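**Student:** Take 797 as the starting number for the sequence shown in our numbering and just add one per residue. Think of the CB as a built atom: it goes at the ideal place given N, C-alpha and C, for glycine as much as any other residue. These numbers come from a predicted model, not from an experiment.
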Amino acid sequence: MNITPYIEDGRWKLSDKTYQEQTEADKIIFDGFFSAIKKRVEFLNPSIVQEYTVIVTFRRGDCTDWCEVKIKAHSEEEAIEKASLPPGYKIYSKQLK
Numbered sequence: 797m798n799i800t801p802y803i804e805d806g807r808w809k810l811s812d813k814t815y816q817e818q819t820e821a822d823k824i825i826f827d828g829f830f831s832a833i834k835k836r837v838e839f840l841n842p843s844i845v846q847e848y849t850v851i852v853t854f855r856r857g858d859c860t861d862w863c864e865v866k867i868k869a870h871s872e873e874e875a876i877e878k879a880s881l882p883p884g885y886k887i888y889s890k891q892l893k
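Below, the structure written as structure tokens:
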């Protein structure tokens, strides 16, 4: 049986029944199918940006300390790379919170 889901009037349709009229088993399969696709598209879509908090350990003069820097980036690696402090601060380590 080849069933193709489609959208009509803002509602998902499967065959000739609306999404809400499907059996519970169909809903579970349908939701699982589209959530897997959504996760894959979010992973591949470079326009999705998240906010990450990076803990930066630094030194300035004789003082050593740490701070939290909030970064908007596409990935954890990019957030760590982007985390920076003004000139004069020597950064020792960066890690995600």
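Look up Ser889 in the DSSP assignment and give the residues it is bridged to.
**Tutor:** In the DSSP output, where bridge partners are listed per residue, Ser889 has Thr853.
**Student:** May I ask whether a heavy atom of the ligand MG can be found less than 7 angstroms away from the beta carbon of Lys834?
**Tutor:** Of ligands this structure carries none, so the ligand MG is not represented either.
**Student:** Are there 16 or more other CB atoms within 10 angstroms of the CB of Tyr848, so buried, or fewer, so exposed?
**Tutor:** Tyr848 should be labelled buried.
**Student:** Counting pairs of Cβ atoms below 8 angstroms between the stretch 844-858 and the stretch 867-874, do you hit three or more?
**Tutor:** Enough Cβ pairs lie closer than 8 angstroms, so yes.
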